[in-house]
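Student: In the numbering used here, the protein residues as written are 165 to 553. Using N, Cα and C, we set each Cβ at its ideal position, and we do this for glycine too.
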Amino acid sequence: MRRPTHEVKIGKLRIGGQNKVAVQSMTTCSTMDTEGCIEQCIRIIDAGADLVRLTTQGTREAENLRNIKAGLIARGYGDTPLCADVHFNPNVADVAATIVEKVRINPGNYVDPARQFKHLEYTDEEYQQELKRLDERFCGFLAICREHGTAIRIGVNHGSLSDRIMSRYGDTPAGIVESCMEFLRICEREKFPDVVVSIKASNTVIMVQSVRLLCQQMEKEGMDYPLHLGVTEAGEGEDGRLKSAVGIGSLLIDGIGDTIRVSLSEEPECEIPVAQSILQAARVQMCKPEFISCPGCGRTLYDLQDTIRRVKAAVAERAKVNPQYNTLKIAIMGCIVNGPGEMADADYGYVGAARGKVSLYKNKECVEKNIPEAEAIERLIAFIDKEIG
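1. Check each candidate in Pro357, Ala338 and Ser331 and name the one with the smallest Cα separation from alanine 307.
2. Hey, quick one: how far does the alpha helix (DSSP H) through phenylalanine 252 stretch, first residue to last?
3. Would you tell me roughly how many angstroms separate the C-alpha atoms of leucine 428 and alanine 365, rounded to the nearest one?
4. Considering only the alpha carbon of each residue, which of Ile412, Asn273, Gly200 and Val522 lies closest to leucine 236?
5. Please state whether the Cβ-Cβ distance between threonine 471 and isoleucine 548 is less than 9 Å.
6. Quick one: using the 10 Å Cβ neighbour count with 16 as the cut-off for buried, is methionine 165 buried or exposed?
7. What does DSSP give as the partner residue(s) for isoleucine 545 in the beta ladder?
8. Candidates Arg447, Ala518 and Asn534: which alpha carbon is nearest threonine 491's?
9. At which residues does the alpha helix (DSSP H) containing proline 337 begin and terminate?
10. So the beta strand (DSSP E) valine 438 belongs to, where does it begin and stop?
11. Determine the burial state of leucine 284: buried for a count of at least 16 other Cβ atoms within 10 Å of its Cβ, exposed for fewer.
12. Let me know the beta strand (DSSP E) ranges lying completely inside the stretch 473–520, each 3 residues or longer, listed in chain order.
13. How many Å lie between serine 331 and methionine 497 at the Cα?
14. Within the same chain, show all residues whose beta-carbon is closer than 6 Å to that of proline 437, passing over the 5 residues directly before and after it, in chain order.
15. Give, in chain order, every unbroken run of the beta strand (DSSP E) that is at least 3 residues long and sits entirely within the stretch 168–218.
16. Helix, strand or coil, according to DSSP, for arginine 405 in the structure here?
17. Per the DSSP calculation, isoleucine 370 is bridged to which residue(s)?
18. Please state if the CB of threonine 244 and the CB of valine 216 are separated by a distance shorter than 9 Å.
19. Buried or exposed for threonine 191, going by 16 or more other Cβ atoms inside 10 Å?
20. Where do the N-terminal and C-terminal ends of the alpha helix (DSSP H) with isoleucine 263 fall, by residue?
21. To which residues of the same chain is alanine 439 closer than 6 Å at the C-beta, ignoring the five residues directly before and after it?
22. Going by the CB atoms, is the gap between phenylalanine 302 and isoleucine 340 shorter than 9 Å?
23. Alpha carbon to alpha carbon, what distance is there between aspartate 197 and cysteine 247?
24. What are the boundary residues of the beta strand (DSSP E) that phenylalanine 455 is part of?
25. May I ask you to report which of helix, strand or coil DSSP gives cysteine 461?
26. Based on Cα-Cα distance, which residue from Met387, Val320 and Gly242 lies nearest to glycine 175?
27. Of all the options Met371, Leu391 and Lys384, which has the alpha carbon lying nearest to the alpha carbon of glutamate 397?
28. Roughly how many angstroms separate the alpha carbons of alanine 315 and tyrosine 389, rounded to a whole number?
29. I need the DSSP call for glutamate 227, collapsed to helix, strand or coil.
30. When we look at the beta-carbon of alanine 234 and count the other beta-carbons within 10 Å, is it buried (16 or more) or exposed?
31. Tell me the DSSP secondary structure of glutamate 300 in three-state form.
32. Have a look at alanine 261 and arginine 310 and give me their C-alpha separation to the nearest angstrom.
33. In terms of residue numbering, what span does the beta strand (DSSP E) encompassing serine 362 cover?
34. Compute the distance between the beta-carbons of glutamate 537 and lysine 550, then report whether it is under 9 Å.
35. Could you spell out the range, first to last residue, of the beta strand (DSSP E) harbouring arginine 166?
36. Go ahead and label valine 515 buried or exposed: buried means 16 or more other beta carbons lie within 10 angstroms of its beta carbon, across all protein chains shown.
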């Protein structure tokens, strides 16, 4: 069961509530490189992203978001919302909020000075004074966002907790959660609902523990803000994909998460299919055919790996003309011993029956028995076509 959240409006995109889990990525080129950002945004959107984030180090970069947005509109990509990523300077967030649909701020450096990794001592009075300063500055930002219909992401990073938070909570999940809750309590009081929250860490255990703790604390305080999930600095290649799958997937299976970003040290458009695959593996959203296949053993009487490749290729071709193929689960099993039982929840199955012979299944029922292996894939596709139209 999915964690209940309220709906947040981000331009034409809706996150939370009963909406699908949105997939997003972030550009890697300089935000002053207008054409480079436009091209990169287009590649990200074409890959399937619902939202694109751009870094905004200063006011110049924030102002240039206007040119990037105009360029995307001119190219026919204006429906996908943009998010400004702001650190260290709340004035930049103020400017960005007048231009793009969403602004991400980092509680660790929004008003608090950059982390110095020093142990600081605060009296209760001094601590409250710092909270008051945060409150006053953040309320001004909320007023700008309200005026322009701009959503906010309160995005906490484990690696950038403020020295103030560290002085009270240490480098702990409790400190990560409190860093976020300070801002959410202001949003609650000011009745500003268009907020998405995130807690990220490069350590998947800390990330998962902290997000679950945040959910508990929000529920305790009567809050239902939607959650953005991600493992920050996940890396590249297989390592980055595995860390992201473990961190994001664990929470999705618990019903937690309304938007996700897979952070890879690769071209940003490479993040999108990984995010979609994680959503599919967690049984949250199906966007392509799913295949079940056994590892093979001495009982397998055909070239399992080659057959899997050929079945996938044939199904992919049919999916281009019939989108219903993208909803199917297809099993490719080496032999009859465990095949029918292990593929019980598949829609269709291809199971080795004897040397050179294959049986085809619909769910648990054998629909064609001992057909020649050379004809099996073609007949599987023909049977599915007849079934789904």
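Tutor: Working from what's here:
1. Pro357
2. Element bounds for phenylalanine 252: n/a, residue is neither H nor E.
3. 14 Å
4. Gly200
5. no
6. exposed
7. For isoleucine 545, which the question treats as bridged, DSSP gives no partner whatsoever.
8. Arg447
9. 337–353
10. Not the beta strand (DSSP E): valine 438 falls in the alpha helix (DSSP H), residues 435–445.
11. exposed
12. 493–497 and 512–518
13. 57 Å
14. none
15. 172–174, 177–179 and 186–190
16. helix
17. Isoleucine 370 pairs with nothing; no bridge assigned.
18. yes
19. buried
20. Here isoleucine 263 belongs to no alpha helix (DSSP H), and DSSP marks it neither H nor E.
21. Val187, Ile424 and Val426
22. no
23. 17 Å
24. 454–457
25. coil
26. Gly242
27. Met371
28. 12 Å
29. helix
30. exposed
31. helix
32. 9 Å
33. 359–364
34. no
35. Note, arginine 166: premise wrong, no beta strand (DSSP E); not H, not E.
36. buried
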